[in-house]
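Below: one structure, written as structure tokens.
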Amino acid sequence: MDKRLYEIDLYRFVAAVMVLVFHYTFVGYMLDYAPGIRFDAIGEFSRYFYLGINFFFIISGFVILMSAKDGQPGKFFISRFIRLYPAYWIGVLLTASCILYFNQSQFQASYAELAANATMFQAAMGIKHIESAYWTLWIEMQFYLVMFALAWCGWLRFILPLIGLSLLVCTVSLFTPWGPAFDLWSNAFPHWWGYFATGCLLYLIRKDGLDLVKFFLLLMALTFVICQNWLFTSMMEGWYGTAFNEFIILGLNLVFFALMLFSALAHQHPLRNVRFAAWGALTYPLYLIHQNIGYMLFNAYGQYVHKYVLLFATALLMLLIAYVIHRFVEQPLAPLLKKYLTLWVVRNKSEAKQSRSVLDSY
Numbered sequence: 001m002d003k004r005l006y007e008i009d010l011y012r013f014v015a016a017v018m019v020l021v022f023h024y025t026f027v028g029y030m031l032d033y034a035p036g037i038r039f040d041a042i043g044e045f046s047r048y049f050y051l052g053i054n055f056f057f058i059i060s061g062f063v064i065l066m067s068a069k070d071g072q073p074g075k076f077f078i079s080r081f082i083r084l085y086p087a088y089w090i091g092v093l094l095t096a097s098c099i100l101y102f103n104q105s106q107f108q109a110s111y112a113e114l115a116a117n118a119t120m121f122q123a124a125m126g127i128k129h130i131e132s133a134y135w136t137l138w139i140e141m142q143f144y145l146v147m148f149a150l151a152w153c154g155w156l157r158f159i160l161p162l163i164g165l166s167l168l169v170c171t172v173s174l175f176t177p178w179g180p181a182f183d184l185w186s187n188a189f190p191h192w193w194g195y196f197a198t199g200c201l202l203y204l205i206r207k208d209g210l211d212l213v214k215f216f217l218l219l220m221a222l223t224f225v226i227c228q229n230w231l232f233t234s235m236m237e238g239w240y241g242t243a244f245n246e247f248i249i250l251g252l253n254l255v256f257f258a259l260m261l262f263s264a265l266a267h268q269h270p271l272r273n274v275r276f277a278a279w280g281a282l283t284y285p286l287y288l289i290h291q292n293i294g295y296m297l298f299n300a301y302g303q304y305v306h307k308y309v310l311l312f313a314t315a316l317l318m319l320l321i322a323y324v325i326h327r328f329v330e331q332p333l334a335p336l337l338k339k340y341l342t343l344w345v346v347r348n349k350s351e352a353k354q355s356r357s358v359l360d361s362y
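In terms of the UniProt record's numbering, the sequence shown opens at residue 1 and continues consecutively.
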């Protein structure tokens, strides 16, 4: 029986489209990435679509704990490397090519910056992202590294109390001077870590069922979501110089929370359809390529093409490129990378055992 939660593939796709629309119809002109094209009417609503990021982080917590549940760090490393890097490298090359081709003042990068971006650790080096959306990848990477460390140390068996501790510390931190002071674009703590912890909790509810402890942790997660959004709303207003309705923000977050909780609890789901797997597969490559390339297209062709035609054409082009990356890069490379990375991990395990045996003999 297929136990995959296909509705989560749909949620991921919806979240990615929300972020795309937010960037194209609000951020582009508000932050002067593409100042010549304004979507004021759409922007009244799409300004809230940044919440797709929150949805992403909850889903990531759910899915990553599911990937790491067997506690094998080597297997976890292989699955994450295959999932992240092939499409990412294509995204970096494509974005770099567009930067060179369009040569727009808002989007410039040195060869050193391009090389650093290829590692996905550029934020840790203090180097800018060549694609603005990459900031979330570094946030995700921090979570992956912690999960890898937990698997390596055999501490995943303590994941439930660690979730509770994470939610408590993140929520309390929001009320300290650290809350608004942390660099949100390079630190997972405290704003984003609580969303990952919430996703992990929802996976454990799916796996083991809902009991009194998990119900209490759900209340803690809900408290975190409410508090984080209340603070973040005021921060968004400061960045963009415009008003945000905190009740709309809270309502959308509660919808995401409820959708994931329903998926965790439901044995059957009206949206659990295998067709959504194909939609979910487009999410990651779409996210990688959409933002700065879209702005460059807006700047290059905005004076020649009607803005709504350009908006839809750009969005469709990004979806097409995402499909090409998935179909002709991710799918062919995945089995090859899995084979060779597995051999590499097994060989390193064997060498490590031999080294320990030699040391023990002394």
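Backbone N, C-alpha and C define an ideal beta-carbon position, used for all residues, glycine too.
C-alpha gap between residue i and residue j, whole angstroms
i           : j           : result
residue 51  : residue 347 : 43 Å
residue 36  : residue 243 : 22 Å
residue 4   : residue 317 : 29 Å
residue 246 : residue 198 : 21 Å
residue 8   : residue 278 : 12 Å
residue 287 : residue 208 : 32 Å
residue 233 : residue 249 : 8 Å
residue 11  : residue 18  : 10 Å
residue 165 : residue 211 : 18 Å
residue 99  : residue 108 : 6 Å
residue 180 : residue 231 : 8 Å
residue 309 : residue 303 : 12 Å
residue 215 : residue 93  : 46 Å
residue 71  : residue 152 : 7 Å
residue 265 : residue 96  : 44 Å
residue 178 : residue 139 : 17 Å
residue 305 : residue 116 : 35 Å
residue 192 : residue 22  : 19 Å
residue 337 : residue 271 : 32 Å
residue 213 : residue 219 : 10 Å
residue 14  : residue 113 : 31 Å
residue 190 : residue 122 : 21 Å
residue 76  : residue 251 : 35 Å
residue 221 : residue 34  : 37 Å
residue 335 : residue 56  : 26 Å
residue 120 : residue 84  : 9 Å
residue 200 : residue 58  : 8 Å
Whole-angstrom C-beta distance between residue j and residue i, which should lie under 8 Å
i           : j           : result
residue 62  : residue 235 : Contact flag wrong, Cβ pair sits at about 26 Å.
residue 205 : residue 65  : That belief does not hold up - the Cβ atoms of residue 205 and residue 65 are roughly 11 Å apart, past 8 Å.
residue 228 : residue 168 : That belief does not hold up - the Cβ atoms of residue 228 and residue 168 are roughly 13 Å apart, past 8 Å.
residue 330 : residue 118 : Not confirmed; about 17 Å, so no contact.
residue 24  : residue 314 : 7 Å
residue 322 : residue 289 : 7 Å
residue 78  : residue 341 : 5 Å
residue 385 : residue 225 : Absent from the model: residue 385. The displayed extent of the chain is 1 to 362, so no value can be given.
residue 194 : residue 170 : 4 Å
residue 80  : residue 144 : 5 Å
Residue i (DSSP reduced to helix, strand or coil)
i           : result
residue 343 : helix
residue 38  : coil
residue 30  : helix
residue 326 : helix
residue 88  : helix
residue 135 : helix
residue 331 : helix
residue 67  : helix
residue 363 : Since the first residue of the chain shown is 1 and the last is 362, residue 363 is not available in this structure.
residue 269 : coil
residue 107 : coil
residue 130 : coil
residue 12  : helix
residue 72  : coil
residue 175 : coil
residue 83  : helix
residue 48  : coil
Environment of residue i [buried if 16+ CB atoms lie within 10 Å]
i           : result
residue 202 : buried
residue 312 : exposed
residue 45  : exposed
residue 296 : buried
residue 41  : exposed
residue 327 : exposed
residue 27  : buried
residue 48  : buried
Residue i, enclosing alpha helix (DSSP H) - first and last residue
i           : result
residue 185 : No alpha helix (DSSP H) holds residue 185; DSSP gives it neither H nor E.
residue 290 : 276-301
residue 208 : 193-208
residue 121 : Element bounds for residue 121: n/a, residue is neither H nor E.
residue 250 : 246-265
residue 157 : First-last for residue 157: undefined, no H or E at that position.
residue 305 : Taken as a continuous stretch (DSSP letters only), residue 305 belongs to no alpha helix (DSSP H), as it is neither H nor E.
residue 103 : Note, residue 103: premise wrong, no alpha helix (DSSP H); not H, not E.
residue 4   : That residue, residue 4, is in no alpha helix (DSSP H); it is neither H nor E in DSSP.
Minimum Cβ-Cβ distance from residue i to chain D less than 8 Å
i          : result
residue 73 : The structure shown has no chain D; it contains just one protein chain.
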